[in-house]
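One structure is given here, and the rest of the page talks about it.
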Amino acid sequence: MSLREMVKSNAMLLLLFDGIAMFQVIDEPPLNESFGAFAKDTAIDTTIVTAIDTGIVTAIDIAIDIAIVTAIDTAIDTAIDTAIDTAIVSAIDTAIDTDIVSAIDTAIVTDIDTAIVKAIDTAIVTAINTTIDTAIVTAIDTAIDTTIATAMDTAMDTAH
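Numbering (mature numbering (1 follows the signal peptide of the UniProt record, and there is no 0)), first residue to last: -22 to -1, 1 to 138.
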């Protein structure tokens, strides 16, 4: 049994008990009332009870329908909002992750390129400096050796 059916069933039972109680009271008219007046009152009471019953059942039906529609609308709105929020957060996370990875890749490549350029520059400078230093030292040594040898040769030639 659904909630709607249970509510309707309980409401109708309550109305039924109210109606029985009313009929029991109405069932015993005062002695000075005629039977026609009693029948008229009973018909009016029955109409009132029926109208009240119909109104209550209709109100319950409307309230249940509104509650169901509201619950469905709320569930749909929540699902849509959650889906949108999830998509936005996912897109932002992906963009941030992509930017971070790209920045790291660029930094690594830049650092490697910089390191290679520095190594080449250092190697060239070292090679040039070493070559120059070696040439200078060799030239000085050669000049000294040549000067000493020439001086010794000259001194020996003079001494003979």
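From the three backbone atoms N, C-alpha and C, an ideal C-beta is built for every residue, glycine too. This one's a predicted model, so the numbers in the text were calculated from it and none came from an experiment.
Leaving aside the five residues before and after residue i along the sequence, list all residues of the same chain whose C-beta is less than 7 Å from its C-beta, in chain order.
| i | result |
| --- | --- |
| Ile118 | none |
| Ile98 | none |
| Ala129 | none |
Ordered along the chain, which non-local residues of its own chain (more than five positions away) have a Cβ less than 8 Å from that of residue i?
| i | result |
| --- | --- |
| Met134 | none |
| Ile102 | none |
| Asp55 | none |
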